[in-house]
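Protein chains in written order, with our numbering: chain A, 1 to 186; chain B, 187 to 372.
Ideal Cβ positions, reconstructed from N, Cα and C, are used throughout, including at glycine.
What follows is one structure encoded as structure tokens, with my remarks underneath.
2 protein chains.
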Amino acid sequence: MKKFLVISGHPDLKNSLANKTILDEISAQCPQAEIRKLDELYPDYNFDVKAEQAALEKADVILFQYPMHWYSMPGLLKLYVDKVMEHGWAYGSQGNALKGKIFLASITTGAPESAYTATGVMGHTVEEFSFGVANYAALCKMDCKKIFYIGGMMCVPGVTTDEQKNQLVDKAKKQAAEILECLKSL
Amino acid sequence: MKKFLVISGHPDLKNSLANKTILDEISAQCPQAEIRKLDELYPDYNFDVKAEQAALEKADVILFQYPMHWYSMPGLLKLYVDKVMEHGWAYGSQGNALKGKIFLASITTGAPESAYTATGVMGHTVEEFSFGVANYAALCKMDCKKIFYIGGMMCVPGVTTDEQKNQLVDKAKKQAAEILECLKSL
């Protein structure tokens, strides 16, 4: 199987249900995957650019796992991209470190899927809000195979019932299974 | 004139031409504007959320000034949004602190305007990459009046000639003039 690297962009995984479940599932089903949790690695945003670049260089398939915050990736993950994807390394005429690698993204939203439509409250699809993510992969000469998405993943302590929580966990596990299915097919 | 607050999201203004020129012009022509330079205020991303919220509360018109990095706002500014725009303050049923304020954005890109079209190398317009910015304003119950944009603002030391640099400065000053014209009309 291809070397699989997961970059987790959730800013607070300890208080996450969806992202934590997806990562735990990937870890359980695909123990050879490298999972880099940016919130644990860089609580002060002091990125080790060389270590991150080395991890990316080793991988065949790179997955960005994150919740959509304010219609885009969390600041933590955006800062990682700004810092790690250096000109002359990730992009530009001499920047070929990621060339030919496969890129995947897996996005969760708190609002339901129905909100992310032309007629829904958000007015646009998650794909439309993520034009930049696909372009980002392309600029790094990666092949953006798929953007996975599940909505309605809001879990509020004291409000969300156990039954609802179980449903969210099932949904997150399904997303993880789809990611791993895709990985096997590559 | 309305109280004008500018949030500068450029991560390194000392090495900026376009963003620095726009901010300097605004400062010169509209000295009563408050300009908050996030890169100077928060080099360690240690945002003073209360101070930022207080600045926002005082303003009638809020401008986000930033270069487009990786098809969206720089991580510095995204992190500011994630941290400062708290639920129950900026959004949600009880979050009305920004309600009714006017929101503007002013975006610069290094690549030329022609790149940001359906048939250009970026494949989408800056407006399309910025769907989330307009939505962000709407979720905070602000009125997103306009997103200003200029492209081709790349300035490479030792490559960009003085004449080209002067042209970029003129273009940036024109953008500042348009922003101030808009401000007067509000």
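What residues in the stretch 131-156 of chain A bring their beta carbon closer than 9 Å to a beta carbon of chain C? Judged by its chain identifiers, the structure shown contains no chain C, and its protein chains are A and B.
For the stretch 264-292 of chain B, which residues have a beta carbon sitting closer than 8 Å to at least one beta carbon of chain A? 264, 265, 266, 267, 268, 269, 271
Just tell me which of A:58, A:110, A:88, A:118 has its CA closest to the CA of residue 19 (chain A). Counted from its first residue, the first sequence places residue 19 (chain A) at position 19. With distances taken between Cα atoms, residue 19 (chain A) lies closest to A:110.
Quick test of your reading: residue 235 (chain B) and residue 269 (chain B), contact by CB under 8 Å. State the CB separation rounded to the nearest angstrom. For this step, residue 235 (chain B) is matched to residue 49 along the second sequence. For this step, residue 269 (chain B) is matched to residue 83 along the second sequence. Indeed, because the Cβ distance is near 6 Å, the residues count as touching under 8 Å.
Shortest alpha-carbon distance to residue 3 (chain A) belongs to which of A:171, A:58, A:41? In the first sequence, residue 3 (chain A) corresponds to position 3, counting from 1. Selected option, being the one with the closest Cα: A:58.
By the three-class DSSP mapping on this structure, what secondary structure does residue 193 (chain A) have? Because chain A in this structure spans residues 1 to 186, residue 193 (chain A) falls outside the shown range and cannot be described.
Any C-beta of chain B sitting closer than 8 Å to the C-beta of residue 75 (chain A)? Looking up residue 75 (chain A) in the first sequence gives position 75. So, interface residue.
Examine the Cβ distances between the stretch 297-310 of chain B and the stretch 262-277 of chain B and report whether three or more of them are shorter than 8 Å. no
Neighbour-count burial assignment, residue 372 (chain B), 16 or more Cβ in a 10 Å radius: Along the second sequence, read from residue 1 onward, the residue named residue 372 (chain B) stands at position 186. Under this definition residue 372 (chain B) is an exposed residue.
Between the stretch 292-312 of chain B and chain A, which residues of the former have a C-beta closer than 8 Å to a C-beta of the latter? 308, 309, 310
Can you tell me which of the three DSSP states residue 47 (chain A) falls into? The count along the first sequence starts at 1 and reaches residue 47 (chain A) at position 47. Correct three-state label for residue 47 (chain A): coil.
If you draw a straight line from the C-alpha of residue 355 (chain B) to the C-alpha of residue 332 (chain B), how long is it? By one-based count along the second sequence, residue 355 (chain B) stands at place 169. By one-based count along the second sequence, residue 332 (chain B) stands at place 146. Separation of residue 355 (chain B) and residue 332 (chain B) (C-alpha to C-alpha, rounded to the nearest whole angstrom) is 22 Å.
Since residue 317 (chain B) contacts residue 290 (chain B) with CB under 8 Å, what's their CB separation in whole angstroms? On the second sequence, position 131 is the one that residue 317 (chain B) refers to. On the second sequence, position 104 is the one that residue 290 (chain B) refers to. Their Cβ separation, rounded to whole angstroms, is 16 Å, which puts residue 317 (chain B) and residue 290 (chain B) out of contact at 8 Å.
Listed from N- to C-terminal order along the chain, which residues in the stretch 244-255 of chain B have their beta-carbon within a distance smaller than 8 Å of any beta-carbon of chain A? 255
Per DSSP, what are the beta-bridge partners of residue 63 (chain A) in this structure? If you number the first sequence from 1, residue 63 (chain A) lands on position 63. Among the bridge pairs identified by DSSP, residue 63 (chain A) is matched with A:6, A:104.
Would you please state the rounded distance, in angstroms, between the beta carbons of residue 241 (chain B) and residue 191 (chain B)? I believe it to be under 8 Å. The residue labelled residue 241 (chain B) in the question sits at position 55 within the second sequence. The residue labelled residue 191 (chain B) in the question sits at position 5 within the second sequence. With a Cβ gap of about 6 Å, residue 241 (chain B) and residue 191 (chain B) count as contacting.
C-alpha gap between residue 125 (chain A) and residue 151 (chain A), whole angstroms: Residue numbering aside, residue 125 (chain A) sits at position 125 when the first sequence is read from its first letter. Residue numbering aside, residue 151 (chain A) sits at position 151 when the first sequence is read from its first letter. Note on geometry: alpha-carbon atoms of residue 125 (chain A) and residue 151 (chain A) lie some 11 Å from one another.
Residue 238 (chain B) at chain A interface by Cβ criterion, 8 Å: For this step, residue 238 (chain B) is matched to residue 52 along the second sequence. Taking Cβ atoms only, chain A never reaches closer than 8 Å to residue 238 (chain B), which makes this a no.
Got a sec: is the Cβ-Cβ distance from residue 194 (chain B) to anything in chain A below 8 Å? Taking the first residue of the second sequence as position 1, residue 194 (chain B) is located at position 8. With 8 Å as the cut-off, residue 194 (chain B) does not count as an interface residue toward chain A.
Please list the segments of the alpha helix (DSSP H) lying wholly inside the stretch 104-170 of chain A, counting only runs of 4 or more residues, in order along the chain. 126-129, 131-139
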